[in-house]
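Below: one structure, written as structure tokens.
Number of protein chains: 4
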Amino acid sequence: MTHPATPPRQQQFASDNYAGMCPNAARWFQEATASGHEPAYGDDGWTQRVSEALRELFQTDCDIYFVFNGTAANSLALASLCQSYHSVICTSVAHIETDECGGPEFFSNGSKLLVAEADSAAGRLGKLTPDAVEAMVTKRSDIHYPKPKVVSLTQATELGTVYTVEEVRAIAAIAKRRHLKVHMDGARFANAVATLGCQPSDITWRAGVDVLCFGGTKNGLPVGEAVVFFDRALSVDFAWRVKQAGQLASKMRFISAPWLGLLENDTWLANARHANAMAQRLHAAIRDLAGVQVLHEPRANAVFARLPPPAVTALRAKGWRFYEFIAGGGCRFMCAWDTTPESVDAFAADIAAALPG
Amino acid sequence: MTHPATPPRQQQFASDNYAGMCPNAARWFQEATASGHEPAYGDDGWTQRVSEALRELFQTDCDIYFVFNGTAANSLALASLCQSYHSVICTSVAHIETDECGGPEFFSNGSKLLVAEADSAAGRLGKLTPDAVEAMVTKRSDIHYPKPKVVSLTQATELGTVYTVEEVRAIAAIAKRRHLKVHMDGARFANAVATLGCQPSDITWRAGVDVLCFGGTKNGLPVGEAVVFFDRALSVDFAWRVKQAGQLASKMRFISAPWLGLLENDTWLANARHANAMAQRLHAAIRDLAGVQVLHEPRANAVFARLPPPAVTALRAKGWRFYEFIAGGGCRFMCAWDTTPESVDAFAADIAAALPG
Amino acid sequence: MTHPATPPRQQQFASDNYAGMCPNAARWFQEATASGHEPAYGDDGWTQRVSEALRELFQTDCDIYFVFNGTAANSLALASLCQSYHSVICTSVAHIETDECGGPEFFSNGSKLLVAEADSAAGRLGKLTPDAVEAMVTKRSDIHYPKPKVVSLTQATELGTVYTVEEVRAIAAIAKRRHLKVHMDGARFANAVATLGCQPSDITWRAGVDVLCFGGTKNGLPVGEAVVFFDRALSVDFAWRVKQAGQLASKMRFISAPWLGLLENDTWLANARHANAMAQRLHAAIRDLAGVQVLHEPRANAVFARLPPPAVTALRAKGWRFYEFIAGGGCRFMCAWDTTPESVDAFAADIAAALPG
Amino acid sequence: MTHPATPPRQQQFASDNYAGMCPNAARWFQEATASGHEPAYGDDGWTQRVSEALRELFQTDCDIYFVFNGTAANSLALASLCQSYHSVICTSVAHIETDECGGPEFFSNGSKLLVAEADSAAGRLGKLTPDAVEAMVTKRSDIHYPKPKVVSLTQATELGTVYTVEEVRAIAAIAKRRHLKVHMDGARFANAVATLGCQPSDITWRAGVDVLCFGGTKNGLPVGEAVVFFDRALSVDFAWRVKQAGQLASKMRFISAPWLGLLENDTWLANARHANAMAQRLHAAIRDLAGVQVLHEPRANAVFARLPPPAVTALRAKGWRFYEFIAGGGCRFMCAWDTTPESVDAFAADIAAALPG
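For the protein sequence lines, the chains are F, V, U and G, in the order given. Take the first sequence: its position 223, counting from 1, is numbered 223 in this note's numbering, and each next residue is one higher. Here this note's numbering runs 357 ahead of the position in the second sequence, where the first position is 1. Here this note's numbering runs 714 ahead of the position in the third sequence, where the first position is 1. Here this note's numbering runs 1071 ahead of the position in the fourth sequence, where the first position is 1.
Next comes the structure, spelled out in structure tokens:
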């Protein structure tokens, strides 16, 4: 077997997990590699340190667990909030509903996801509203239907939009009144904080969020997410749940140490700001092109736009990769912590060139 | 936050997952880090390459999936072999029975583990026998008891012993006759191959094994195991199972690329041979010490021995870490791919010094 | 404690399980009561006899299991057709989707129900169509979404309509082409057969149905449904599944013997015909009343109609019970095997009297 | 199909669920049959009445649910007391361990049953002891093993013995100290009360039991058990659990009304006393026979005895049915509410005749 150096590949706009590990994370990963023998299962020094650092970041004494990916983080968090005969209110575009292959239903042994009505201005931006939550929770109360127990928000949303602090608070208020727990899928939590310019606490526990799945992978880690319980009563025996569910890393330091790289000097925020800025750059470059219909103002690190089908074909032929979610040319262009201005400009130029006329 | 260089720690004999990442794995991890954008979820080049390399290693066209850890590998493999009302025959010391927090029961939605009688020479060495399997499978056949569907072997065993090729074959033969599938927990598969000096195929598919969980972590990876289906009919839709169960890495290359480091130049085998040799070295150094009772000849990378309790206390006081599994001084001393002869010698010297008289 | 004779209550149109046990079923229940000691768990003579009688009725050598209720019948049947990472295509009004509290998801450990588009003439009648199935099965084929594995039809539907033989055949044909199994929720199967005037086999195995849940309770039993596997390969080890799931009656004869009462002299069909006729009688009596809008022609034993809200209130005040499913006065009036013409006429008269003008 | 009167069969000693429905239960079943239309799912008058009567019997304001059988009662009760990563301490002969086909593991999504050491005087009588519970709960406390959360007692035990009030109290005291909940499998609860001559409350909530599964079937019902929560905080949303798990009877009155027959005039206690007396009668008749070795004094409605294998064969040849649980001739002879003295005498005479010499 040979060991050739692979040349860096063309940057893509398909997903922010096409990007690799950011240099700061890599530096700590390297240190974990060099350290020799370490206690397993999280009894090492890095894991303790990063937990402390996260508590500091969130300005509260929260409970923190590290798991391997977002499906696991969301599914285990939801399973800790509801029993099999309960249900979770979310949007129709929620990742837990559309892209985790029934993970939440599996880990909870059957909890149903209740998709809230999307036919409103907020719904079209991928957001829940207090009214939509209220409508779902009051629709049925008989024992023949799973009892709503959780509201799940994605922040930033799957459509590249961001809940304001007030929006989170309003939903959490309804949730509390209806005895629902509030889960936040924060696969792109950093991007939302970067956009809002707020403290992480402002859109989590201070606004009424009980559990946050804080995404590390899309922000620059090789692997790993953090489950952050602000309501510590909800994390009783969660360590056993993580172990049983195959989410406890034996060599935990390789999962936890790179988090120190994200957290030192607010690298996580810098990474997110950069990705967001690249989305703005792309948006600015294409929004006025004839034939391009931007679906909504980008607020995080993605641009959603409709292109003529021949343009899509032409772009693919040039090697560009991106997802089409919506019939008739709706495309998602996703930027990452490492997306370069040059790549954005090249992509925008190719979009312009691909358009008719 | 400061970024100090942590000094390498004292080597330990507690677990082979105290060891870090081996240099060859690290080299490929580094390449995956440097490569820039890569398709996610396994559509990258490394994942394809390592799958090919594993098929070559096993000399057959097997189906291969990468998951995060051993609990997940074993639990998902077993879940693919049996339904909730089926059962799995294993030993009383099997890792799936004693150390996965009910993971197999969870992923299979309730399959029961049937612990075979350990009161035999083989049983005391942590091994199943054809007779023990036969006894379990014929004990009950009514619908009030979970129907046996799988035999699970651990190779090398949890007691540091190794099934011979003939032993695996004999158990698999009974299994086939009784319509049981054969699962091999290979968390230390490499150590068994190193001991036997056989081909990997000799103790797997050629001997009748249907699915192998091939351990990478203990062999020198930072994270990750491979599930290898020799009977490809058993892996139908397994990719969906992996995804739903939160075991599909988005940035898969960081999980798969280091495997190339293990596989090139048979590093996996060299790593295992070294660990085994260190166990032999430790065994040779302590077996004749008065007060030490080695429980059985080490065949893989662990020594099991009884020490006087004061000696155990004295060793712990000197900072040595190891597990005691058995009442009255039974200790497990585990060696890893990176255990140095110097560490072994220092540990053996401290054992000698800790003994009375 | 006293033991007063309760006077028979006013008949209701809320549900066909408000009705009790039909006389023929009661006669056999009584015989099971009188017989003294009998082997448990289905090894009694009645259970064998009724299985034989059902095979005769369906004109094929099917596998038959008796369970306690419809939720269990449907959930266990579906669980035998799909794994946790698979999905089931059904309508938005399917009982498995709306009224089993997540039972299918629970028993299958997470299988998702995919609700097919209802916006078509058939959809508005509570029916799936080949096109709707095709659309669902081709919508996604990636591993991030549960793979469709089953189509579930309700016959008669939850809206009191009935699939024709041709409609069942057409859906089953698409299912076969797409490698989906076909499940039929037959809680009111008898009512559908009565309407179609066909053989039970015509709308089941001859049309491509793999498993039927044949409802006994609504047809006149005190408790119990039959799960009928036409594809016997799908029922492997189903007896273990039933036992583990808490659905195996110890004194099975009390569940199975009354089925003999339904089957002898085609009582099941007579019961269904009577219930259907009562729905027709009610329909005829109210369809032309000003202020009543019948939603669609009744084909089984229910009439769906919109009434002015004050009329609904007035009817409830007179002690009538029925369900309102649809905002603005949509009501379901359900007839049973024991609904009397006098009750229908009295109810229709009260409806007429409750209407304005 | 003909409708012959089946002659009452020879009484058997295989199981107390070979017996049918007792006359008092039958009388109320008949009333439920005769009453015409009734609300479904437990909103009928009988269900309310029997719940009240049970609260009176237990002298406390407990929460009561009716399910179809013992597997469901035990499994749902246990699932409400523990999560998938918890465990349940029980004996090696516990019905939940040996005869429910993994039902508890299934409904709890993976909770492990921990079998306590049986090698003690109490263990040989099928009983847990405080020491055995303490040993299990202190054996492991790491996250790699399911955390003990419940102690499950069977009262009367599977070996026909009975916990005294003091024994239950002592186990419950340890349980409380170790934060374990106490579940009682009361499939033959009535037989235990009859033996002890105590109030039902004395061996349940007054002694520290949290949840009782009160067996109706073996006591004379056609189908049905009651789950009685003395700690009402544990039954939150249990109605949803019952529905989802396929255990909510639509025509609930047929399940609940017969309970009124058991409860009026303490029929349940009379039935149990009779069954117990028949076991005493059989015991008296055979205990001194040469060749018969009674294993222990019967305390409930079963006699356990070793017979020479040829005697077992001879008895079977005469048509007698009973179970052999233990190698070498250990037989279980079970009496029921309807076992006649004549049957006991005939069976004892045949045993005597079957013995050598």
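For glycine and all other residues, C-beta sits at the position ideal for the given N, C-alpha and C.
Please name the residues in the segment 1134-1161 of chain G whose beta-carbon is closer than 7 Å to at least one beta-carbon of chain U, in chain order.
Phe1139, Asn1140, Thr1142, Ala1143, Ser1146
Flag this pair as yes or no: are the beta carbons of Leu867 of chain U and Val882 of chain U separated by less than 9 Å?
yes
Could you tell me which residues DSSP pairs with His751 of chain U in its beta bridges?
Bridge partners of His751 of chain U: none, in fact.
Gln604 of chain V beta carbon less than 9 Å from that of Leu721 of chain V:
Here chain V comprises residues numbered 358 to 714, so residue 721 of chain V is not present and cannot be evaluated.
Got a sec? Which residues, its chain only, sit under 7 Å from Trp1339 of chain G by beta carbon, not counting five neighbours each side?
Ala1261, Asn1290, Leu1333
Beta-carbon separation (whole angstroms), Thr931 of chain U vs Lys1322 of chain G, contact threshold 8 Å:
6 Å
Segment contact flag, the segment 561-569 of chain V with the segment 586-595 of chain V, C-beta cutoff 8 Å, min 3 pairs:
yes
Can Val1429 of chain G and Ile1167 of chain G be called in contact, C-beta distance under 9 Å?
The structure shown has nothing for residue 1429 of chain G, since chain G only spans 1072 to 1428.
With a threshold of 9 Å between beta carbons, is Glu1038 of chain U in contact with chain F?
no
Enumerate in chain order the residues of its own chain whose CB-to-CB distance from Thr2 of chain F is below 8 Å, with the five nearest sequence positions on each side excluded.
At Thr2 of chain F, the pLDDT of 42 sits below 50, so the modelled position is not reliable; the number obtained from the coordinates is stated separately. Here the set comprises nothing.
For the segment 952-961 of chain U against the segment 775-783 of chain U, do three or more pairs of beta-carbon atoms, one drawn from each stretch, fall closer than 8 Å, so that the two count as touching?
yes
Proximal residues to Phe679 of chain V (C-beta, below 8 Å), its chain only, five neighbours per side dropped
Gln369, Phe370, Ala371, Leu672, Cys688, Arg689, Phe690, Met691
What first and last residue would you give for the alpha helix (DSSP H) that runs through Pro258 of chain F?
253-263
Do the segment 460-472 of chain V and the segment 1179-1189 of chain G make contact, defined as three or more Cβ pairs closer than 8 Å?
yes
Nearest chain F C-beta to Tyr502 of chain V closer than 9 Å, yes or no?
no
Residues of its chain near Gly543 of chain V, where Cβ-Cβ distance is below 7 Å and the 5 sequence neighbours each way are ignored
Gln512, Leu569, Cys570, Phe571, Gly572
Would you call the segment 1338-1358 of chain G in contact with the segment 857-864 of chain U, where contact means no fewer than 3 C-beta pairs closer than 8 Å?
no
Secondary structure of Val93 of chain F, DSSP reduced to three states
coil
By the 9 Å beta-carbon criterion, what residues does the segment 819-832 of chain U contribute toward chain F?
Glu819, Phe820, Phe821, Ser822, Asn823, Gly824, Ser825, Lys826, Leu827
Compare the C-beta of Thr138 of chain F with all C-beta atoms of chain U and state if any pair is closer than 9 Å.
no
Between U:Pro1022, U:Thr843, U:Thr747, which lies nearest to Tyr1089 of chain G when the distance is taken from Cα to Cα?
U:Thr747
Starting from Ser373 of chain F and walking both ways along the beta strand (DSSP E), at which residues does that stretch end?
Residue 373 of chain F cannot be examined here, being either before or after the span of chain F that is shown, 1 to 357.
What do you get for Asn74 of chain F, buried or exposed, if any count of 16 or more other CB atoms within 10 angstroms of its CB means buried?
buried
Validate contact between the segment 477-494 of chain V and the segment 1188-1205 of chain G using beta carbons, cut 8 Å, 3 pairs
no
Whose C-beta lies closer than 8 Å to the C-beta of Cys419 of chain V among residues of the same chain, with five residues either side of it excluded?
Leu411, Arg412, Trp562, Val585, Phe586, Phe587, Arg589
Short check: CB of Ala993 of chain U to CB of Ala1019 of chain U, under 9 Å?
no
Measuring straight from C-alpha to C-alpha, what distance separates Val1383 of chain G and Ile1422 of chain G?
8 Å
Proximal chain U residues relative to Cys1172 of chain G, where beta-carbon distance stays under 7 Å:
Trp954, Lys957, Gln958
Leu962 of chain U at chain G interface by Cβ criterion, 9 Å
yes
If you drop the 5 nearest sequence neighbours on each side, which residues of the same chain put their C-beta closer than 6 Å to that of Ala986 of chain U?
Ala904, Asn905, Ala908
Once DSSP output is grouped into helix, strand and coil, what is the label at Arg188 of chain F?
coil
Using CA atoms only, rank isn't needed, just tell me which of G:Leu1230, G:Lys1210, G:Ser1163, G:Thr1118 is closest to Asp1190 of chain G.
G:Ser1163
Is there a Cβ of chain V sitting closer than 9 Å to that of Thr1169 of chain G, yes or no?
yes
So is Glu1123 of chain G buried or exposed if we call it buried at 16+ other beta carbons inside 10 Å?
exposed
According to DSSP, Ile421 of chain V sits in a beta bridge with which residue or residues?
V:Val585
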